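Colleague: Listed in order, the protein sequences are those of chains A and B. Anchor point for the first sequence: position 106 equals 106 in the working numbering, and the numbering is continuous, going up by one each time. Anchor point for the second sequence: position 19 equals 19 in the working numbering, and the numbering is continuous, going up by one each time.
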Amino acid sequence: MTDADAGVTFECDLDAPPEKVWRALAEPALRAAWLGETEERACEAIELAPEAGRVTLRWRLDQPASLVTFEIDETVSGGTHLTITHEPAVASVVPFTPRPARTQMSAGGWRMAA
Amino acid sequence: MIESDPIFRALGDPTRRAVYERLSAGEMNVANLKAGLAISQPAVSQHLAALKLAGLVRERREGRRTFYRIEPAGLHPLIDWLGRTGAFWPERIDRLKDLLKRMDQ
Chain A
1 MTDADAGVTF ECDLDAPPEK VWRALAEPAL RAAWLGETEE RACEAIELAP EAGRVTLRWR
61 LDQPASLVTF EIDETVSGGT HLTITHEPAV ASVVPFTPRP ARTQMSAGGW RMAA
Chain B
1 MIESDPIFRA LGDPTRRAVY ERLSAGEMNV ANLKAGLAIS QPAVSQHLAA LKLAGLVRER
61 REGRRTFYRI EPAGLHPLID WLGRTGAFWP ERIDRLKDLL KRMDQ
């Protein structure tokens with residue numbers, strides 16, 4: 001296949017506030033509960049940006065490893081709009097450059113939930 | 001670039017799929033494999049060659065005998081393909097919705 005640049009995107013509305021969805025995306029134990037134990041073990045969180053509502057995982061189940069990004073936004077009704085992007089990791093060829101939002105987060109002293 | 005086409009071709013044939021499934025029990029030679037299938041030994045060899053070409057089966061020689069076994073990494077392109085084609089994420093989204101409901105309690 002020649003779709004090396006191709007990524008897939010899924011979007012859905014969740015009947016839960018963004019804070020709660022954030023926990024399900026960012027906390028490894030909760031993430032494993034819906035993503036799967038095997039998937040959780042094979043992925044690595046490379047970006048956790050709560051203010052931007054974004055979690056990026058290095059997805060090592062693909063060869064070569066790809067990137068999975070979750071982005072959340074609050075909906076007008078107080079629910080959460082979730083966007084999942086699964087795309088080839090350009091970062092595996094070019095060294096990963098943190099996005100601006102990530103730098104802000106580090107400066108904000110954000111701590112990772114082990 | 002790893003291609004998934006040879007895998008689909010290899011596993012698209014029911015007999016070849018049966019050969020592959022039999023190998024999931026462990027390493028075998030052509031005679032062992034033939035014992036469970038209603039096909040000739042040359043036909044088994046031909047199917048094994050196609051599975052090998054697709055990267056699904058590996059062979060090991062011991063003197064004049066050849067043993068075959070499943071190459072687990074051979075299925076990776078297929079797993080990639082499943083991940084890219086929508087079979088994976090919608091199912092995970094359903095599981096996430098279930099979890100969010102359970103988190104209420």
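Even glycine gets a Cβ: it sits at the ideal position worked out from N, Cα and C. These numbers come from a predicted model, not from an experiment.
(1) Which of helix, strand or coil does DSSP assign to S66/A?
(2) In the DSSP assignment, find the unbroken beta strand (DSSP E) run with A32/A in it and report its ends.
(3) Pull the bridge partners of P88/A from the DSSP assignment, please.
(4) Name, please, each residue of chain A whose Cβ falls closer than 8 Å to the Cβ of L100/B.
(5) Going by DSSP, what residue range makes up the beta strand (DSSP E) through L48/A?
(6) Excluding the 5 residues preceding and the 5 following G53/A in the sequence, name in chain order all residues of the same chain whose CB lies nearer than 8 Å to its CB.
(7) Can you find the residues in the same chain that come closer than 6 Å, C-beta to C-beta, to A89/A, ignoring five residues on each side of it along the sequence?
(8) Which same chain residues end up closer than 6 Å to I46/A when comparing Cβ atoms and leaving out the 5 residues on each side of it in sequence?
(9) Considering only C-alpha positions, which residue in the set A16/A, P28/A, D15/A is nearest to E39/A?
(10) Could you name the residues that DSSP lists as bridge partners for D13/A?
(11) Is any beta-carbon of chain B found at less than 7 Å from that of I72/A?
(12) For a cutoff of 7 Å on Cβ pairs, would you count L96/B as touching chain A?
(13) Please list the terminal residues of the continuous alpha helix (DSSP H) segment that includes F8/B.
(14) Spell out whether any CB of chain B is found under 7 Å from the CB atom of F10/A.
(15) Please report the straight-line C-alpha distance between W81/B and R102/B, rounded to a whole angstrom.
(16) Please tell me whether, using a cut-off of 6 Å, the distance from the CB of G55/B to the nearest non-hydrogen atom of the ligand SAM is below it.
(17) Rounded to whole angstroms, what's the CA-CA distance from N32/B to E11/A? Just pull it up for me.
(18) Beta strand (DSSP E) containing E141/B: first to last residue?
(19) Nearest by alpha-carbon distance to R9/B: which of I39/B, R95/B, L78/B is it?
(20) On the criterion of 16 or more Cβ atoms from any shown chain inside 10 Å, does P14/B qualify as buried, or is it exposed?
(21) Just reading off the alpha helix (DSSP H) that R60/A is part of, what are its end residues?
(22) If we ignore side chains and look at the alpha-carbon of each, how far apart do L30/A and R41/A end up?
(23) What's the call for R22/B, buried or exposed, on a 16-neighbour Cβ count within 10 Å?
Modeller: Per the coordinate set shown:
(1) strand
(2) Element bounds for A32/A: not the beta strand (DSSP E) but the alpha helix (DSSP H), 28-35.
(3) S66/A
(4) L14, D15, A16, K20, V21, A24
(5) 43-49
(6) P18, W22, E71, I72, D73
(7) A65, S66, L67
(8) T56, R58
(9) P28/A
(10) H81/A
(11) no
(12) yes
(13) 5-12
(14) yes
(15) 31 Å
(16) Among the components modelled here there is no ligand, and therefore nothing to report on the ligand SAM.
(17) 49 Å
(18) Nothing about residue 141/B can be read from this structure; chain B reaches only from 1 to 105.
(19) L78/B
(20) exposed
(21) R60/A -> no alpha helix (DSSP H), and no H or E assigned at all.
(22) 13 Å
(23) buried
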